Amino acid sequence: MLENENNIEVIGARVHNLKNIDILIPREKLVVITGLSGSGKSSLAFDTIYAEGQRRYIETFSAYARQFLGGLERPDVDKIDGLSPVIAIEQKTTSKSPRSTVGTITEVYDFLRLLYARAGEAYSYNTGEKMVSYSDEQIQNLITETFNGKRINVLAPIIRARKGHYAELFQQIAKQGFVKVRVNGKIVDITPGMKLDRYKTHDIEIVIDRMQVEATADTQKRLSESIKTAMYHGEDVMMVMEHESNEVRFFSRTLMCPTTGISYQNPEPNLFSFNSPKGACEHCNGLGIVNEINRKKIIPNPKLSIQKGALAPLGEFKSSWMFKQLEIIGEKYKFKLTDPIETLSEEAIEMILNGGNEKFSVVSKTAGVTKEYKIDFEGISKFIKNQFDESNSSSIKRWAKEYMDEMACPECHGSRLKKESLFFKINDLNIASLSAMDISELAPWFQALPEKLSDKQKTIALEILKEINDRIQFLLDVGLNYLSLNRSSKSLSGGEAQRIRLATQIGSQLVGVLYILDEPSIGLHQRDNERLINSLKNLRDIGNSVLVVEHDKDMIECADYVIDIGPKAGKFGGNIISKGTPAELLKEHTLTAQYLNGELQIEIPKKRRSGNGKFIKLHGASGNNLKNVSVEFPLGKLICVTGVSGSGKSTLINETLYPILNAHIFNGVKKPQPYKKIDGLEHIDKVIDIDQSPIGRTPRSNPATYTEVFSEIRSLFTMTPEAMIRGYKAGRFSFNVSGGRCETCEGSGVRTIEMSFLPDVYVECETCQGKRFNRETLEIRYKGKSISDVLNMTIDEAVDFFEMIPKIHRKLKTIQDVGLGYITLGQQSTTLSGGEAQRIKLAAELSKKDTGNTFYIMDEPTTGLHFEDIRVLMEVITKLVDKGNTVLIIEHNLDVIKLADYIIDIGLEGGKGGGELLCSGTPEEIVKNKKSYTAQFLKKELN
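For the sequence shown, position 189 matches number 190 in the working numbering, and the numbering has no gaps at all.
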């Protein structure tokens, strides 16, 4: 029992490909699980240990609560002992909502809102004066002191600078027993049927009381009643007017400007939230950006006439209602549709773009008859804007967006908040200014803040500042100093998002928890690796167990305990081949150990390719943090783009270069980030982008359907003599449509039995025994195998089986080449590991015929790959480049960088300190650069 005190004991784990393994994992240590991609690391960490931890947590709820959570199935394991509460930090990227920002995910913004609501000082947006607020007693004392012995009118403001005739309002006031009102500065009696000019703006106050101010008890009682009544009608604001001089003073229970009388509501945290109607800017709904019509896009060429298509959304003249309306507008403003649009008067263009409603008559010169015309025209700009705001169709929205520009909201200037929210300040800065600072600037500002606060503010802010400082420090610790709090979370890379979640978890300072992380080093430059490892050690040192699934050399060497799973992947993996400290691991002869101790390594090529002498040259890229970067991409080479996280690699490649190439070759719709010009597009004829988005998320998606090889296999089955006699078409062999599939399980091979209060149970379908198809379909055989047998083949078996069918063989061979020979054709996509899914995607793209002039773009293809997998992958990529194609890889992995023919290093830092081209050339040339961080680490690799 004693040895279990400090271990997590897993007995008989059989999830996915695990071979009934038993393992002791030390608690309160940093434990790394490593092994080939697909060997069973995630099955052990996430699908066994994490799943069981989650299930036990949910079991603690009442049966009533559990029915809403849906049951979690028990992982296939005999028992797990010593398990503490589990938190998983996976690679699922964060929310893609435009409302989610770094500040909201890390909760720093929530504390900032609280700080501003409780310790912020309000200033008037009219005069810049500090706002004041009083209690009823203070107001009574102030009035008595200021107006003692004078006659005053107590007023309740009810209408401020609004248009209208207000007849009903006066009637209502009279019904409540008041006889006088002050209208636009003059006191008048209320008379029956009284009304004002409805087109002018008015100020109206009710005269609550007229009295002489004295210090006697009776007068004070009367004054107190009047204040209460005035506050009730004036919604917490009242005015006092001296009878003689007509001078007015405002008093308010809430914050109020002493000069102009504007008042703010008392601040609550939601006044500073751009996701709440209380705080969001009303013009852009708290998004900070609006789409405005760009007149130049509607009239791109003013020399054309309307008939020849000067109005881009309408095109050339056709006989339609729209053009008839334009002819009528022409009658009024004296122009013809054949006149160049630049000769039209400004009023006419205003009418065409913004519309109007009018009637007018024209006297015909020849017949002497007067013709009546009516214009009821919405206006082209308004029509486009309405379509964009109200249409449900994404294609119509896309069409409308072509004539619009995305720009910072003119009301809030991109700060997302209401005007009032921006006039609460601490140390002269409002909450939007703080959100826009880089975290590296924000940290010293908060450190120096307490000296600038008043004693009262200090007392209130003490605890809040402690929380904010801690959280900012954790963001700095995981290497995210270049982000700002208002950075939208959808622009974060997978690694950044995971490290933000890590910082949030460290911030919560829990103890006794088991953290499971999935490759936290993705997207992190070697320079920042040390900081990340220290953050994980910090989690361990405060009393947590940290379990990391990782391939990174530094991380393995810094671990307290390493578990190596293998020996191969898929059904040839799932065993524990070594366990112990990193020093013990090095003595073993496992693949991992051989790569770590240098027995095996990825060879550096003898000479670098010279390419085909052609270039694509991009000039003046300036999106996000890029500082007018001009860069050339030599074709026919393996190009690596490197640099620390946040330096601008993705902006340059994924958001500038790829959209330009895609628009040029395939008419893509994504708008590239700003750049000046690009040369050399004629040298390539195809571009393929392989990014990190997951492949199918349903159990019906599998490698065969994703790579589209299944369509070819189904066509092959329809050609067999038996299928032709029966008249079977390709749909007969699909498990997604009725006809050939087993209808009991609808082609999924398993039946779900719903158990109330217990997890759903999946049982093999008794009609088809898990074969997915009905008896008639399974009778059709090709080389003695039915369609179901083919789905159960591994890729290696299928490559031999379909050797004579080039179409099928080519696609399967590509999957085998990227090292996935062990998976079956019909394996559900949901059970593939991250590294496997990435390579299936790669295979699907690589199996398309390359032209020899294809430009491939890959974003960190080594995600989820072991050293050996990287070797296999790089062999495939090398073959592509040898055929004359260009492959561009964004990568931090030195094993890939050292194989490149040409490196483009962006830096120096992340965020505002990045966005410049540091150096470019072969690895041997890069190493000579003194400034580049990549060069320092590459030097060690090459030596």
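Heads up, the beta-carbon is just placed ideally off N, CA and C, and yes, glycines get one too.
Remember, predicted model here, so these are calculated numbers, not experimental data.
- Ranked by Cα distance from Leu909, the first of Glu926, Asn930, Ala901 is Asn930.
- Excluding the 5 residues flanking it on each side, Ala52 has same chain C-beta neighbours closer than 7 Å at Leu73, Pro76, in chain order.
- When DSSP reads this structure, His17 sits in no beta bridge, so it has no partner.
- In the structure shown, the three-state DSSP call for Ser264 is strand.
- Contact annotation: the segment 579–590 touches the segment 556–564, with at least three C-beta pairs closer than 8 Å.
- Taking a C-beta distance under 8 Å as the contact criterion, Ile209 and Ala175 do not qualify as a contact pair.
- As the crow flies, the alpha-carbon of Cys641 is around 32 Å from that of Glu407.
- The DSSP-derived three-state label of Pro411 is coil.
- In chain order, Leu423 place their CB closer than 6 Å to the CB of Asn431, counting only its own chain and leaving out the 5 sequence neighbours on each side.
- Within the segment 89–124, no run of beta strand (DSSP E) reaches 3 residues while sitting entirely inside it.
- Within the segment 768–856, no run of beta strand (DSSP E) at least 3 residues long lies entirely inside it.
- Beta-bridge partners of Val291 (DSSP): Met408.
- The segment 316–331 makes contact with the segment 368–382; the number of CB pairs closer than 8 Å reaches 3 or more.
- From the listed residues Asp79, Lys42, Leu37, the smallest Cα separation to Asp23 is found for Asp79.
- Residue range 202–213 is occupied by the beta strand (DSSP E) that includes Met212.
- By the neighbour-count criterion, in which 16 or more other beta carbons inside 10 Å mark a residue as buried, Gln527 falls on the buried side.
- Burial check for His590: the Cβ neighbour count within 10 Å stays below 16, so the residue is exposed.
- The beta carbons of Leu813 and Phe803 sit about 6 Å from each other, so the pair counts as a contact at 8 Å.
- Judged by DSSP secondary structure, Tyr135 falls outside any alpha helix (DSSP H); it is assigned neither H nor E.
- Annotation for Glu403: Lys298 place their beta carbon closer than 8 Å to its own, counting only its chain and skipping 5 residues before and after.
- At the C-beta level, Leu486 and Val109 come within 8 Å of one another.
- Thr753 sits in a strand when the DSSP states are folded into three classes.
- By the CB criterion at 8 Å, Cys410 and Gly280 fall outside the cutoff.
- In this model, Arg119 and Ile427 are separated by some 11 Å (Cα to Cα).
- Closest in C-alpha terms to Thr887, from the list Phe112, Ile90, Leu682, comes Leu682.
- By the criterion of at least three beta-carbon pairs nearer than 8 Å, the segment 682–692 is in contact with the segment 850–857.
- Across the structure, Gln510 and Phe275 are spaced so that their CA atoms are roughly 28 Å apart.
- The beta carbon of Thr768 sits closer than 6 Å to the beta carbons of Cys743, Thr745 from its chain, once the five residues preceding and following it are set aside; these are given in chain order.
- With 16 or more other CB atoms across the displayed protein chains lying within 10 angstroms of its CB, Ser646 is buried.
- Around the Cβ of Asn7, a 10 Å sphere holds fewer than 16 other Cβ atoms; the residue is exposed.
- Non-local C-beta neighbours of Glu293 in its own chain, meaning closer than 7 Å and more than five positions away in sequence, comprise Met405, Asp406, Met408, ordered along the chain.
- A straight line joining the alpha-carbon of Gly316 with that of Gln828 spans about 51 Å.
- DSSP, read as helix, strand or coil, puts Thr230 in helix.
- Annotation: Asp686 is outside any beta strand (DSSP E) and is labelled neither H nor E by DSSP.
- Within the same chain, Ser830, Thr831 come within 8 Å of Arg698 by CB-CB distance, once the 5 residues on both sides are set aside.
- Cβ neighbours of Phe718 within its own chain (closer than 7 Å, five residues either side excluded): Ala724, Phe734, Ile781, Tyr783, Ile788.
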